[in-house]
Amino acid sequence: MEYIARIEEAKKYDHRLLGVKQELFFCHPLSPGSWFFLPHGGRIYNKLMEFIKAQYRERGYHEVFSPTMYNMQLWETSGHAANYKENMLYLRCGFFNKTIF
Numbered sequence: 879m880e881y882i883a884r885i886e887e888a889k890k891y892d893h894r895l896l897g898v899k900q901e902l903f904f905c906h907p908l909s910p911g912s913w914f915f916l917p918h919g920g921r922i923y924n925k926l927m928e929f930i931k932a933q934y935r936e937r938g939y940h941e942v943f944s945p946t947m948y949n950m951q952l953w954e955t956s957g958h959a960a961n962y963k964e965n966m967l968y969l970r971c972g973f974f975n976k977t978i979f
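Shown next as structure tokens:
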């Protein structure tokens with residue numbers, strides 16, 4: 879019973895809910911995991927990235943960037959799939975049984 883009470887208490891501090899409540903960011907179902915930062919959230923994000931990049935430099939690390947992947951439904955909804963699908967890179971994700979582009 880104590881475990882369930884602790885889980886319920888932890889839900890109050892879920893960053894996904896707190897960030898939305900504090901108007902820092904939000905997420906759309908067609909782009910899960912891709913947060914849209916609002917002005918205050920953007921300032922926090924930028925400060926955090928400044929700190930992280932300074933740590934990279936200090937420790938001799940180098941940044942790399944990879945493409946962002948989205949659920950195919952996003953491209954179908956926006957109309958981009960009809961025009962660009964043949965030129966888009968896609969992966970079939972067996973775990974979620976979805977195609978992502």
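All residue numbers for the sequence shown refer to the numbering used here, where the first residue is 879 and numbers rise by one. Backbone N, C-alpha and C define an ideal beta-carbon position, used for all residues, glycine too.
In the structure shown, the three-state DSSP call for Leu969 is strand. For Glu886, the enclosing alpha helix (DSSP H) has its first and last residue at Glu880 to Lys889.
The Cβ atoms of Leu902 and Ile885 lie no closer than 8 Å to each other. Counting only runs that start and end inside the region 906–951, the alpha helix (DSSP H) elements of at least 4 residues fall at 917–937. Note on Gly897: 16 or more other CB atoms within 10 angstroms of its CB, so buried under the neighbour-count rule.
Across the structure, Val942 and Glu936 are spaced so that their CA atoms are roughly 16 Å apart. In this structure the region 961–971 does not touch the region 924–938; the number of beta carbon pairs closer than 8 Å is below three. Between the alpha carbons of Leu908 and His940 lies a gap of roughly 31 Å.
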